[in-house]
DNA sequence: ACGGTCCCTCAAATCGATTCGACATCACTG
DNA sequence: CAGTGATGTCGAATCGATTTGAGGGACCGT
């Protein structure tokens, strides 16, 4: 048995001839290699990384950001002989707070892709199980690894760009504030309930630039349609903003579409900026002004954080840089006089 | 130990009080439930379904069809306590033919989402391992379960719709013919190398309607940009077709965009039909004429096929019905005289 | 012929849970 | 009080691979 084991795993001294003999015998007996279950139990490792994708799959895979990060992650994990187990996030508020897979599935490391809020029950479940966890775009904690980007600095750059163009009436369209995922204008007192780290940071960037938004509109998800709703609402009232800084490209493109539908010219009447740096062919010929984040590298960074855990290192913390890409959707502020 | 096992699994007679006592003791000792690896080995089941998504993730998740089917699948598998392991398809022809995960990962059942060709090396690997396999949109074989739709009948309906509108010069834009994924006009002699089952069936539907396409254009993947390339090529030459039957909605919408760019009116100058029944907001105000397939149910059907295998039943075979949805992208053939 | 390498064989422990049978309790019931 | 269930305890086998250590040939050079 030892020899057979060596023949398959290749670890240890074994002559090529013997190896072949074992392999032949295995084929003759219909043995197709070591049973992964036994191997995993013995090794104490499953070779599986559980990845919590936000929400229902359909919703989160419609977001190119998640998909591209996931792609980068899988590419990094593949060579390490690690597989990705898909774990749906808490989609149904009436159901259990965390997916049963998170409680029972075999995984060496867990990744929460869409940061989540501070008191996320998923984090609690993972802590209880003692599963090392990588948090993407979440709040740092001593026992979890985090991967993020310079959300705050990026948003600050975008806002400063708008300031330089002379805009003073700047509104903001944001990602969800908390797990309730509301939609609509945010009253000032709700700013305290800003649980979602990514939203908080990107909003802080606006403030950093010295801007107090004339309106803040929360959306329940980063989707074009929610951007359109936001844009329609913000742009059809009186005293409309001359610039709208959005927290994602999909939201921004929805706002652009809404503006066009209202007969407003972009950027002559209203400037729009996004965040993420996606290619948005359907906005053609316009090119969105946006903060570009390195999505594939973000996925790779998550992969490296996983690798750190598996090699026994403690939780790591990574932050990637972003760059402002100026497109055609921002321009000088209109003369309001 | 037996009692503890019963306390956690709940299978077998155990008094509520004892159960609680066990749970409390477990909490006190820092034992967080049965180790999934031991459990799986004993049970002989991993509770994992390996899903091969075509190609690189980024490419296949840009296809809403895959995403929606996957979503339906995950929804069905969740209640059965099964998880989905993502397995990248063979993306790099120079690399290994099949992903190592397919050879070594623990899985009770495998699903190949994007049918594949007859001689797919992945099928061979799975057979060797004795892993029950569900093939989506693939060719039926005695030892695999298949889930498909009435591709042939659907395409026939779409084609007959074009015939009724008076079209005689009908071209077709197709999915890949084989694993080489060529792009361009298909010469007649290449029709023999039509390995991809889904492409073959949809093309057969056109023939069933009694139509011989004036041109057949193969695309390397179901993406808008490939549809645009195809549309540009087919519509800019002389003797352009008056109708183009596409094998997917993304391809069709690319063709529509190409037509618009060439200054052709849809459907007055050229009619375009698709396949899948997606919502394509960026074609607005047009609505694509297309063959609607039930994507979520398709995912559920895959889930049931998996369930069949796990309950000991043999490979099953399911085919779902499709319906023709007439939109605004098809109309009467132009008068060519 | 002898010491020394290599490589192979064999037996046994281990990973952690599930499950089975035998047996011990205990509370009821007739 | 004996009989009957329901439930808990204990020991042992099992799932399948990995790994270690002891020992045995085969072959090398001297």
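Residue numbers (the UniProt record's numbering), protein chains in the order written: chain A, 1 to 337; chain B, 1 to 337.
We put the CB at the ideal spot given by N, CA and C, even for glycine.
Predicted model only: the values in this text are computed from it and were never measured.
Assign residue i to buried or exposed, taking buried as 16 or more other Cβ atoms, counted over all protein chains shown, within 10 Å of its Cβ.
i	result
residue 130(B)	exposed
residue 1(A)	exposed
residue 47(A)	buried
residue 180(A)	exposed
residue 247(B)	buried
residue 201(B)	buried
residue 221(A)	buried
residue 236(A)	exposed
residue 122(B)	buried
residue 226(B)	buried
residue 158(A)	buried
residue 191(B)	exposed
residue 16(A)	exposed
residue 151(B)	buried
residue 25(B)	exposed
residue 120(B)	buried
residue 54(A)	buried
residue 62(A)	buried
residue 284(B)	exposed
residue 313(A)	exposed
residue 43(B)	exposed
residue 251(B)	buried
To the nearest whole angstrom, what separates the beta carbons of residue i and residue j, a pair I think is in contact under 8 Å?
i	j	result
residue 228(A)	residue 264(A)	Not quite, the Cβ-Cβ distance comes to about 13 Å (not below 8 Å), so this is no contact.
residue 307(B)	residue 149(B)	Incorrect: roughly 20 Å between the Cβ atoms, too far for contact.
residue 184(B)	residue 291(B)	Not quite, the Cβ-Cβ distance comes to about 24 Å (not below 8 Å), so this is no contact.
residue 289(A)	residue 254(A)	Contact flag wrong, Cβ pair sits at about 15 Å.
residue 249(A)	residue 274(A)	4 Å
residue 241(A)	residue 170(A)	6 Å
residue 128(B)	residue 32(A)	5 Å
residue 330(A)	residue 126(A)	The Cβ separation is near 41 Å, so there is no contact.
residue 100(A)	residue 81(B)	6 Å
residue 116(B)	residue 138(B)	6 Å
residue 269(A)	residue 293(A)	That pair is no contact at about 28 Å.
residue 136(B)	residue 302(B)	6 Å
residue 105(A)	residue 83(B)	5 Å
residue 22(A)	residue 7(A)	4 Å
residue 340(A)	residue 204(A)	This structure leaves residue 340(A) out entirely; chain A is present only between 1 and 337.
residue 422(A)	residue 317(A)	Any answer about residue 422(A) is impossible in this case: the structure gives chain A only from 1 up to 337.
residue 41(A)	residue 38(B)	6 Å
Per DSSP, residue i is paired with what?
i	result
residue 53(A)	88(A)
residue 184(B)	218(B)
residue 317(B)	146(B)
residue 243(B)	170(B) and 271(B)
residue 323(B)	292(B)
residue 48(B)	83(B)
Residue j and residue i - do their beta-carbons sit closer together than 8 Å?
i	j	result
residue 213(A)	residue 199(A)	no
residue 72(A)	residue 295(A)	yes
residue 89(B)	residue 52(B)	yes
residue 172(B)	residue 206(B)	yes
residue 67(A)	residue 260(B)	no
residue 146(B)	residue 174(B)	no
residue 111(B)	residue 134(B)	yes
residue 69(A)	residue 298(A)	yes
residue 309(B)	residue 36(B)	no
residue 86(B)	residue 107(B)	no
residue 386(B)	residue 333(B)	No statement about residue 386(B) is possible, as the shown extent of chain B runs from 1 to 337 and does not include it.
residue 196(A)	residue 208(A)	no
residue 244(B)	residue 272(B)	yes
residue 321(A)	residue 76(A)	no
residue 60(B)	residue 114(B)	yes
With hydrogens ignored, establish whether the beta-carbon of residue i is closer than 7 Å to any heavy atom of the ligand HEM.
i	result
residue 31(B)	The ligand HEM is not part of this structure, which contains no ligands at all.
Inside the region 130 to 182 of chain B only - alpha helix (DSSP H) runs reaching at least 4 residues: 151 to 164
Residue ranges of each alpha helix (DSSP H) within the region 255 to 312 of chain A, 4 or longer: 295 to 310
Complete beta strand (DSSP E) runs within the region 63 to 117 of chain B (minimum length 3 residues, chain order): 83 to 88 and 109 to 112
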